[in-house]
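Novice:
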Amino acid sequence: MPVVDIDTDELRGLTGRTDTSDAEFKEDLFGLGLEFEGETDDGLLQFEFAPDRLDRLSVEGVARSLRYHYGDDRGVYVPETNDPEWTIEVDETVPDERPYVTGAVIRGVDLDEGALESLIQLQEKLHATMGRGRAKGAIGIHDLAMIKGAPLQEGSEPSITYRGVEPDGEAFVPLDANDELTPAAVLEEHDTGRTYADLVEDLDRYPAIYDELGLFSFPPVINGKRTEVTTGSRELFVELTGTDQWTIDRMCNIVCYALSARGATIEEVEVNYADGAAAPDEYGAELVRPNFDTDEKSVTHDRIETLLGVDFESEEVVDCFERAGLDAAYTLDEDVTYEVEVPPYRVDVLHPLDLVDDVGRAYGFDELEPRYPDVGTVGGRHERSRLEDAVRTSLVGLGFEDLLNFHMTSGTENYDRMNLKPGSDVVGGGDPVEITEPYSEEYTQLRTWALPSLVMLLERNTHNAYPQDVAEVGFVAERDDAANTSVAERRHVAGAVARRDASYEAAKGRLQAVCDDFGAELETPRTEHPSFIDGRTAAVEIDGERVGVIGEVHPAVLVEHDLEVPVAAFEFDLDALR
Amino acid sequence: MWTVGEEPNRHAPSRDGDVPEPLPTSHTRMETTRMRLPERQLAVLEAASATDERTIDEIATETGLKPETVVGAAFDLRDEGLLSVVETAAETLDLTDEGRRYVDDGLPETRLHRAGLALDADESAVSMGRVIGEADLDGPAVDIALSNFARKGFGAIDAGELTVDPDAEPDADPEAAALAALADGETPEADDAVLEQLDSRGLVDRGESVTRSVTLTDDGVDALMTGVEATETVSELTPELLASGEWRDVEFSEYNVEADAPTTRGGRKHVLRRTADRVKDVLVGMGFQEMEGPHADSDFWINDCLFMPQDHPARTHWDRFALDVDPMDEIPEELIRRVESAHREGWGEDGDGYHSPWSEEFAREVALRGHTTSLSMRYLSGIAGAELDPPQRYFSVEKVYRNDTLDPTHLLEFFQIEGWVMAEDLSVRDLMGTFEEFYRQFGITDIRFKPHYNPYTEPSFELFGEHPETGEEIEIGNSGVFREEVTGPLGVDCDVMAWGLALERLAMLTTGAEDIRDLHGTLADIEFLRNAEVSY
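Chains as they are written, first to last, in my numbering: chain U, 1 to 578; chain P, 1001 to 1536.
1) If we cut at 8 Å on Cβ distances, does U/HIS301 have a partner in chain P?
2) Shorter than 8 Å from the beta carbon of P/ILE1516 to some beta carbon of chain U?
3) What are the residues in the region 1361 to 1395 of chain P lying within 7 Å of chain U by C-beta distance?
4) Cβ of U/GLY140 within 8 Å of Cβ of U/GLU212?
5) Near P/LEU1117, which residues of its chain fall below 8 Å by C-beta distance, leaving aside the five closest residues on each side in sequence?
6) Going by other Cβ atoms of all chains shown within 10 Å of its Cβ, with 16 needed for buried, is P/ALA1193 buried or exposed?
7) Could one say the Cβ of U/PHE400 lies closer than 8 Å to chain P's Cβ atoms, at least one of them?
8) So U/MET408 contacts chain P; which residues on that side make the cut at Cβ distance below 9 Å?
9) Can you tell me the Cβ-Cβ gap for U/LEU368 and P/ARG1429, rounded? I've got them flagged as a contact below 8 Å.
10) Could you check the C-alpha separation between P/PRO993 and U/ALA63 for me, to the nearest Å?
11) Is it buried or exposed, P/ALA1133, if we count other Cβ atoms within 10 angstroms and call 16 or more buried?
12) Quick one: is P/PRO1294 buried, meaning 16 or more other Cβ sit within 10 Å of its Cβ, or exposed?
13) Strictly below 7 Å CB to CB, what residues from chain U border P/ARG1483?
14) Output, in sequence order along the chain, the residues in the region 1047 to 1064 of chain P whose CB is closer than 8 Å to any CB in chain U.
15) Go through its chain and collect everything with a Cβ distance to P/GLU1436's Cβ below 7 Å, but skip five positions before and after it.
16) Using a threshold of 8 Å, state whether the C-beta atoms of P/PRO1455 and P/HIS1312 are closer than that.
17) Quick one: measure Cβ to Cβ for P/VAL1271 and P/ALA1074, integer angstroms, because I've assumed they're closer than 8 Å.
18) Could you say if the region 444 to 460 of chain U and the region 396 to 411 of chain U meet the contact criterion of at least three C-beta pairs nearer than 8 Å?
19) Could you give the distance in angstroms between the alpha-carbon of P/PHE1154 and the alpha-carbon of P/ASP1094?
20) Counting contacts by CB-CB distance shorter than 8 Å, is P/ALA1532 in contact with chain U?
21) Rounded to whole angstroms, what is the Cα-Cα separation between U/HIS554 and U/ARG460?
22) Among U/GLY224, U/THR15 and U/PRO566, which one has its Cα closest to the Cα of U/HIS69?
23) Taking only beta-carbon positions, decide if U/GLY309 is within less than 8 Å of chain P.
24) Could you compute how far the alpha carbon of U/ARG12 sits from the alpha carbon of U/LEU119?
25) Could you please give the first and the last residue of the uninterrupted alpha helix (DSSP H) stretch that includes P/PRO1489?
26) Skipping 5 residues on each side, what residues in its chain have a beta carbon closer than 6 Å to that of P/LEU1426?
27) Verify whether the separation of the beta carbon atoms of P/LEU1107 and P/VAL1131 is less than 8 Å.
28) So P/TYR1394 and P/SER1376 are supposed to be a Cβ contact under 8 Å. How far apart are they, rounded?
29) I want to see whether chain U comes within less than 8 Å of P/ARG1268, judged by CB atoms only; does it?
30) Going along the region 359 to 373 of chain U in order, which residues come within less than 7 Å of chain P, judged by CB to CB distance?
31) Closest by CA to U/GLY263, which one among U/VAL109, U/ALA128, U/GLY364 and U/ARG74?
32) Could you name each continuous beta strand (DSSP E) segment of 3 residues or more that falls completely within the region 183 to 217 of chain U, going from the start of the chain to the end?
33) Have a look at U/THR247, U/ASP302 and U/PHE237 and flag the residue whose alpha-carbon is nearest the alpha-carbon of U/GLU270.
34) At a CB distance below 7 Å, what residues from the region 125 to 150 of chain U approach chain P? Give them in sequence order.
35) Excluding sequence positions up to five away, which residues of its chain have a Cβ less than 8 Å from the Cβ of U/GLU268?
36) Taking the beta strand (DSSP E) that U/SER298 falls in, what are its first and last residues?
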């Protein structure tokens, strides 16, 4: 879950609540769903919250939420914007894999250390969340004074260009470096470059942003040093590139709202997609950004009342909306419907239902009185679950310790150490269902049979007293291309008797008892299985169907598992007892 | 006819004189009317006399039994009316160690008197120190000598000097005489005051002893005349004893019933299974039906139906166990289109989709389920069986797979409790009421609902409750009302509220297990499983 680092002095300044203590802030923020997690090395308070309200990833956003919470602000707020002077030209050379760009010009910023820190934090946190690690959206913030806009024609307004660059194309000095590097060299030699190399290294041309002086930003990897933002910067150029226009537009809005909260003026920019560039049909080829248009959604009074289980007056509902930073108008028809206006920094309102949640939070979910739903239904267990349980009860009655083992295992445990080969026509010999790119050698596939788990458990318990009679009714799976999932899932019944006098007879006597319990006919014709001793191994035939194996476990298997007592065991398909 | 008496007799099956019907298998034993008594009782009975009182000690000597055995047997025989027991209390008088020493060395005051005489203190006063030295007294014996010397008038002490009364007769001292008599095993002929004095000086112990004497009653005499047989003592009740009826005539040797016995080990159902059973019981009792379904499933059922965007961090390679198998073929085409549309365009007139890529190929990929909400999706869609009309309640307690770090509280595989309620117009209050009831069954009251965010529910709540033992506030579940983007594409047009939590979390609360790996998997310690307390 996202974490926001808060300087409470900044918070006091931004909320205007100069007398509020840290403890009071913690409590108020808990009420908003931001949970105190601890302090950073620099003494900032860290708060964790669910990843819906990403507009709260900065102290400015948190302050805004608190002002609504305190009732100091009400309803939708949209900052004023000035008309565009700058243009972002999108060249047709822009890589198709990262076609979109947006941006804004910020004027009159006063960046002290705290404000600069907060801006950098917001940028990084947005990268990690909405930006999906910069893959979906990446933010570059530049000192506008260091950008020399290229007028498209004589006398026209200045512009920058989003375009593609050859990996070995124009060299520039990236942040945290002193020498000029080509984009390809940045990916190889620069720390940040190496971190984000996998986002662009497969592209024929890399994304780049140029002004009249040349390349100054290499999104989503790193900015150029020339336009680096400092506490002395007074005017900023914010550019965002990504794979989705809506996503980078919203990220841009969140950044603009944060800077506006510190008194900066937002100035629009024009974005012009060239004919060859992959412009979005949805938004058109010529955009003006940031887009502070509010969204509108409608929700009925009835839906709010039924979902929250509370009777409301319309005025109460409107009050709740306004305290949530929304505006609502309603018609006094028979079915009261609210037309709700949603500000452009919200990224979590996908459906009218989300507005009901906002009403609930503003009203206070704590205020709701729980009630048991007056709805009658009939309960019951699934047949397979009852059968598994009945077999477990039988096994336990026969003295078996009931086990619960992992379904994931390795080929070594499932086959090799059992003296077995995958793809052989014996119990457990089926083809494995393997995990794609497993992280651990111990868990690379699903078990095809349960006996290896039992023997592993015996191996682990050689220091404990014998007899150790263990059994499991559990999940096994093998590859089956005919199945819809390509996985045949079964439940097996496995039992093992480990003791000085463990013998075939001991295992069969118990197996017979289980079969008797379920009125099943047991026969044990002689068979061979590499995990068992030849001549002491039989197939388990229940009601005429060959469903398992029984025998004395092979000494090679016992020795492999450091066992010094004989083990007799059986394993068969649970369905045979149905 | 029994010939022995009217008194109740525990060896006689009938007190009103009728011979019981002999058991078919016991002809030979039951033909006789002779009384049977345990061997030790018989010995005591035979040693007793009808005319002379005989003490327990006498009988013990005669029978070779321990006195305490004789006492026990005598009381048993008295209870059967065969013996009368008379108890006589007598005073006992025993020398203490100090008393015994004075018998050998003489009383300290007597030794002082003798020493005084030897120093002619009968003629003129002698310094006390000299007399004490002459008497070879030291320590507490000095004070004892001086105080009793004066008390008995053996002489006088004045200003540190001692004179001896020549007429005193230490040899006739009744205290010394009484001690000497006791030392010789005789009863001292001393009056009570003297004995009292010796007792207070700690030279004798006065006590009381009970002497028991027995005589045969008339019934006892009769029994002996008729003849009494000794019963056997046996250590085990055997099938033969039961079949023959001999069990009636034997006495069972006594055990030390307080001794430890080796613990019997039977099989037991796994502790986590028992917790799961308990959860299932509670949910069935609340009207929930159990679901089942595949462990390996398509991402479509695991995530896409849940309105989880395909670029959600939880759907990346790092969090799931993708399986190296072919994509899933059979998914209802119409359902795929509806789910895709919900992701891309949103659901309903005012709905917005995610601004995330969505591909059918990814949706068809097969992985191990990361939650059993995939089962809920299958049931709600109708693919698991019939189309469901409200109201419905469903649950499962089944395994899920998450790529996490193995540690004392996290496993790669664990059990998820999943439940949902489908009904018209469900409210958040119904959700709260349902979960309060569920957790109350496990002793967790006072649940708190913290507003939360899930991609698939709105409103959503994390559930917190107090640990029943530590009182700590712990997260005990995640819940919410399924979004319309979830229920709509599945064809459900009423409300569905759902919740989930890890079974292991509940089990750790109820069993006190600190390392989840003790419970679950092949690292389990069989002793831990054998000893885990049963929960119910």
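Yeah, the Cβ is synthetic: ideal placement off N, Cα and C, and Gly gets one too.
Specialist: Walking through what the data contain:
1) no
2) no
3) For the region 1361 to 1395 of chain P, which is checked against every Cβ of chain U, the residues closer than 7 Å are VAL1366, PRO1391, GLN1392 and ARG1393.
4) no
5) VAL1164 and PRO1166
6) exposed
7) Interface with chain P (8 Å Cβ-Cβ cutoff): U/PHE400 is included.
8) PHE1321, LEU1368, TYR1401, LEU1412 and GLU1413
9) 5 Å
10) As displayed, chain P neither begins before 1001 nor continues past 1536, which places residue 993 of chain P out of reach and without an answer.
11) Before going further, note that residue 1133 of chain P is Gly rather than Ala in the sequence given. Exposed, since its Cβ has fewer than 16 Cβ neighbours within 10 Å.
12) Its Cβ being crowded by 16 or more others within 10 Å, P/PRO1294 is buried.
13) By Cβ distance, chain U contributes HIS351 and LEU353.
14) none
15) ILE1447
16) yes
17) In fact, because the Cβ distance is near 56 Å, the residues do not count as touching under 8 Å.
18) yes
19) 27 Å
20) No, P/ALA1532 lies away from the interface with chain U (no Cβ there is under 8 Å from its Cβ).
21) 18 Å
22) U/THR15
23) yes
24) 17 Å
25) 1484 to 1490
26) ASP1495 and MET1497
27) no
28) 7 Å
29) yes
30) GLY360, ARG361, PHE365, LEU368, GLU369, PRO370, ARG371, TYR372 and PRO373
31) U/VAL109
32) 206 to 211
33) U/PHE237
34) ARG132 and LYS136
35) Excluding residues within five positions, the ones whose Cβ falls inside 8 Å are THR81, ASN82, ASP83, PRO84, ALA104, VAL105, VAL288, ARG289 and PRO290.
36) 295 to 300
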